[in-house]
Amino acid sequence: MMTTNSRDPNQNNRQTRSIGLYIHLPFCQRKCNYCGFLSLEEHAEQIRKQYVDNLLQEIELRRDWLEEMKARLPRLCQSSVIVDSIFIGGGTPSLFEAAEIQRILDGIRASWQLDDQIEITMESNPNSLSHEKLIGYRKAGVNRLSIGIQSFDDGLLSQLGRLHDAKCGESSILMAKEAGFSNINLDFMFGLPGQRMDHWISSLQKAISLDPNHLSLYTLQIEEGTNFYRSYKSGALPLMDESLDRACYHQAIKLLNSFGYRRYEISNFAKAGQECRHNLKYWSMDDYLGFGLGASSYLQGNRWSNRRSLAEWTDSLSCRQLPIDAGTEKMDSKHDEIGIFMFTGLRKTCGVSLLEFEKRFGEGFFHVFASQRDLLEQYRNEGLIDWSESKTGNLWLTESGIDVSNQIMAEFV
Ligand code: SF4
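Convert by adding 59 to the 1-based position in the sequence shown; the result is the number in this note's numbering.
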């Protein structure tokens, strides 16, 4: 659901509704050993230029499409749409020059109304950042930088197939600060083969000493088609023991809490008021539009993803057609929407709002899940889930519930 924007005054009594934009830049220097994301091992200047030309085309086409769609989407027809978050992800967006990022953001500004307080995040890798690029990204409007540090242990970085070492990771953070970035996220990984608790804690301590605003901690997932998957299947990649993986997670929460980083989503920690506005849209089922290869969108119950082949994505745009993969277009049923609302909402530590649930679906949570009431009470008695007795309160997973979150979330879908 779109959120009403209270910062922007309503013009001529029109409501304003905010939306997030995701821009996918799918190029990388080399595929990391664990990577299951849609990324291609190429980034020649000509390919980047053509990609940006096509993105700008897609941005314009999508704006025209939205104007036409407004008449059919009741909550949009009387509204001005304002973009309050942009997330440039990848791939490795920092392989793009600052002038290319500027072109993309200028294209968005030419087509869409942006909120004065917009959050513009860009993902980056330490080895492709430079002082000049960072100054240019800031000038282009990027005001939140996310850096894929992953670890401060050279052995683990090399095992992951990363192209930077610990020293380069540290310098990139200092360089970003020098260039004026005051909102920085660092990504880290745990659950790595051979990683010990002391490796993990010392990486986190180093990160904390560099004072980022936000940290994202991901446990290793073995994705099909990756180098890690092949090694795992052949028995050459021993995974971290499940109990050590959980212990790493719990130690991280304790350590980060003691330095003022509050966990607000299963994998995400922020200092007060520094939560990522864009990612919160995904977990709150707010509207977002995705641009670029394979990017996904969600708009008031409608979902779709773009084509995943670069040639097909490019061909569609050359014919002035939106590059949607027709097989992914879907209108959620009420049942689907409820399942997704619960599944994504329970990732947030505050859980889901019971009032929001009733507003969205026209029925109270305990009415919809009446047949699961006994099971919910059982989970509550076991200390896995809890809820406020007030109709305007929340329902959330407890600390122990988060460890078995998939099992609990599965009850709602
Ligand atoms: S840099 Fe990121 S997107 Fe690129 S290969 Fe590595 S993990 Fe994948």
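Just so you know, even glycine gets a beta-carbon here, dropped at the ideal spot from N, CA and C.
Note that the structure is a prediction, hence the values are computed from the model and not measured.
If you measure between the beta carbons of residue i and residue j, is that distance less than 8 Å?
i	j	result
W342	G404	yes
G220	C91	yes
G239	R197	yes
L120	V140	no
V463	L443	yes
L80	Y288	no
R321	A331	yes
R89	E101	no
Q333	H258	no
F318	I267	yes
I118	S170	yes
Could you please give me the residues that DSSP links to residue i through a beta bridge?
i	result
E1	Residue 1 cannot be examined here, being either before or after the span of the chain that is shown, 60 to 472.
W363	S356
M390	N361
R432	Paired residue(s): none; R432 is not in a bridge.
H83	G148
K407	E324
Y288	Y288 is not bridged to any residue.
F249	T278
Where residue i and residue j are concerned, what is the direct C-alpha to C-alpha distance, given to the nearest angstrom?
i	j	result
S375	I383	8 Å
D345	A295	42 Å
A370	V142	29 Å
L84	F146	11 Å
V472	M401	8 Å
S459	D445	11 Å
S65	L303	In this prediction, S65 has a pLDDT of 39, which is less than 50 and means its spatial position is unreliable; nothing more can be read from the coordinates.
N327	E388	30 Å
F428	D395	14 Å
A311	L269	16 Å
F350	P185	24 Å
R305	M248	13 Å
E470	T457	16 Å
R76	I179	18 Å
Ordered along the chain, which non-local residues of its own chain (more than five positions away) have a Cβ less than 8 Å from that of residue i?
i	result
P271	I232, I243, N244 and L245
L188	S153, I206, S231, M234 and A235
R367	L97, L352, G353 and D384
L298	G250, P252, L279, I281 and Y291
N453	C409, G410, V411, S412, L413, W446 and S447
G360	M390, D391 and E396
I160	I147, P152, M181, G195, Y196, A199 and V201
I467	L405, Y438, L443, I444, L456 and G460
S275	S205, N244, L245, D246, F247, S326, N327 and F328
Going by beta carbon distance, what residues of the same chain come within less than 6 Å of residue i, once the five residues before and after it are set aside?
i	result
A225	F211 and D213
F424	L413 and F416
N71	Its pLDDT being 48, under 50, N71 is placed unreliably by the model, and the measurement read from it follows with that caveat. Answer for N71: no residue qualifies.
K407	E324 and W342
Between residue i and the rest of its own chain, which residues show a CB-CB distance below 7 Å, the 5 nearest in sequence each way excluded?
i	result
T285	N92, Y93, C94 and G95
**Prompt:** Counting pairs of beta carbons, one from the stretch 206-226 and one from the stretch 105-115, are three or more of them closer than 8 Å?
**Reply:** Not touching, per the Cβ criterion.
**Contact between the stretch 113-120 and the stretch 165-181 (3+ Cβ pairs under 8 Å)** = yes
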